[in-house]
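S.K.:
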Amino acid sequence: MADATPTKPSKKGSSEPAVLYDGAKAKTKSKAVVHADTEDGHAGDAASPAPAHRTRLLRCACCGLAALAALAAVVILVLSLTVLRVRDPDLTMDSVTVERFHVGFAAVPDGRPPLRINATLAAWIMIRNPNYASMRFGASTTEIFLDGVPDRVGLGSAPPGESSARSTSRVRGSMDVFVDRVAPAVVGEVLFGRGEVWLTSRTAMDGKVSVLGGLYGRRTVRVAMRCRVVLHVSAVVVVAGSPSCVAEFGR
């Protein structure tokens, strides 16, 4: 009796294919697929916020430009109300003194009263410059009038000069008054009355203001004032009272 010896089946004689399953390779492949999907998801998430970020930057830039424009408008408004605004100077007469007073008789008759009453007055004129730029002013002209007399009885002038920004300058003017030429009645007031002679002066002045050193241009300013002053005349001395001045507009 023959021994039963197990034998391996022959591959050639097998009709069914052999299926081999490698678990490690399949697991690695599945992990790679999951990892690739995860990376694709992260890439999509990173690409989606780009338009929103760009929009925020544009909004910030627009807000910054609007703020700068508003600030520039405020600065221009402040400059136009302060530095760039040109104002007329203030003019006033500080004091008046009598430098010379002459009473005499005419040597040759000329149809006027023989008694001559002439006076030379010195006046200190104050010019206050309210601007933030310096001002150059020309020579001022002063006309002297007597109460009740339409024509002027005297004329004076003051030299030109310059006034610094927001400062006050003081110039000295000289005025010659010929009272007897048009007012014979003043002779009786001086000789027999209270000895008071009321005078009215009108001073006009032109000037130029250089805004920002002339870069913004030069503006012409005009100002005038009218003052009242009394001369106290006696046999010993002639004294001028304190002037009372007001600004005169609409030259």
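Numbering (the numbering used here), first residue to last: 1 to 251.
Backbone N, C-alpha and C define an ideal beta-carbon position, used for all residues, glycine too.
Only a predicted model underlies this, so the values are computations on that prediction, with no experimental measurement involved.
Give me the Cβ distance between A123 and F101, rounded to the nearest whole Å; I'm assuming they're in contact under 8 Å.
M.R.: A123 to F101, Cβ: 15 Å. No contact.
S.K.: Are there 16 or more other CB atoms within 10 angstroms of the CB of T266, so buried, or fewer, so exposed?
M.R.: Only positions 1 to 251 of the chain appear in the structure, and residue 266 is not among them; the question remains open.
S.K.: If you draw a straight line from the C-alpha of E99 to the C-alpha of D176, how long is it?
M.R.: Roughly 10 Å separates the two Cα atoms.
S.K.: Kindly list the residues whose CB is nearer than 6 Å to the CB of M244, restricted to its own chain and excluding five residues on each side of it in sequence; keep chain order.
M.R.: Residue identity differs from the one stated: residue 244 is Ser in this sequence, not Met. For S244, where only same-chain residues beyond five positions count, the Cβ hits under 6 Å are R228.
S.K.: What residues are listed by DSSP as bridge partners for C245?
M.R.: Partner(s): C227.
S.K.: What residues are listed by DSSP as bridge partners for S134?
M.R.: In DSSP, S134 forms no bridge with anything.
S.K.: Shortest alpha-carbon distance to G148 belongs to which of E162, T200, G104 and V246?
M.R.: Per the Cα distances, T200.
S.K.: By the three-class DSSP mapping on this structure, what secondary structure does A240 have?
M.R.: Correct three-state label for A240: strand.
S.K.: Within 10 angstroms of its Cβ, does F137 collect 16 or more other Cβ (buried), or is it exposed?
M.R.: The residue in question, F137, is buried, as its Cβ has 16 or more Cβ neighbours within 10 Å.
S.K.: Of all the options F145, E162, R166 and A165, which has the alpha carbon lying nearest to the alpha carbon of G156?
M.R.: Of F145, E162, R166 and A165, the residue nearest in Cα terms is F145.
S.K.: Roughly how many angstroms separate the alpha carbons of A69 and R59, rounded to a whole number?
M.R.: For A69 and R59, the distance between alpha carbons rounds to 15 Å.
S.K.: Quick check: the Cα distance between L91 and D151, rounded to an integer number of angstroms?
M.R.: Distance between the alpha carbons of L91 and D151 is about 24 Å.
S.K.: Taking buried to mean at least 16 other C-beta atoms within 10 Å of its own C-beta, is T203 buried or exposed?
M.R.: T203 should be labelled buried.
S.K.: Could you have a look at L20 and say whether DSSP puts it in helix, strand or coil?
M.R.: Its pLDDT being 47, under 50, L20 is placed unreliably by the model, and nothing is read from it.
S.K.: Just curious, the beta strand (DSSP E) that D151 is in, first and last residue?
M.R.: No beta strand (DSSP E) holds D151; DSSP gives it neither H nor E.
S.K.: Just to confirm before moving on: does the CB-CB distance between A240 and M225 stay below 8 Å?
M.R.: No. Outside cutoff.
S.K.: Measuring alpha carbon to alpha carbon, tell me which residue in V86, F178 and R222 is nearest R116.
M.R.: Per the Cα distances, F178.
S.K.: Return helix, strand or coil for R87, following the three-state DSSP convention.
M.R.: Here R87 sits in coil by DSSP.
S.K.: Output needed for R85: all residues of its chain with C-beta closer than 6 Å, excluding positions within five of it in sequence on either side, in chain order.
M.R.: Result list for R85: empty, nothing under 6 Å.
S.K.: Cutting at 8 Å between CB atoms, please list the residues of its own chain near R166, excluding the five before and the five after it.
M.R.: Counting only Cβ-Cβ distances below 8 Å, and skipping sequence neighbours, we find N129, P130, N131 and Y132.
S.K.: State the Cα-Cα distance for the pair E196 and V238, rounded to the nearest angstrom.
M.R.: Near 10 Å, if we compare the C-alpha coordinates of V238 and E196.
S.K.: Please tell me whether G207 and P89 are closer than 8 Å, where the distance is taken between their beta carbons.
M.R.: Yes. Within cutoff.
S.K.: Determine the closest residue to E162 out of V230, S134, I76 and M93, with distance taken between C-alpha atoms.
M.R.: Selected option, being the one with the closest Cα: S134.
S.K.: Use the C-beta contact count for A46: other C-beta atoms within 10 angstroms, 16 or more gives buried, fewer gives exposed.
M.R.: Unreliable placement is indicated for A46, whose pLDDT of 49 sits below 50; the coordinate value is still reported in the next sentence. Exposed, by the Cβ-count rule.
S.K.: Cα-Cα, which of V223, W198, M205 and C62 is closest to A158?
M.R.: Here the closest residue by C-alpha is M205.
S.K.: For R166, which of helix, strand or coil comes out of DSSP?
M.R.: Residue state, collapsed to three classes: coil.
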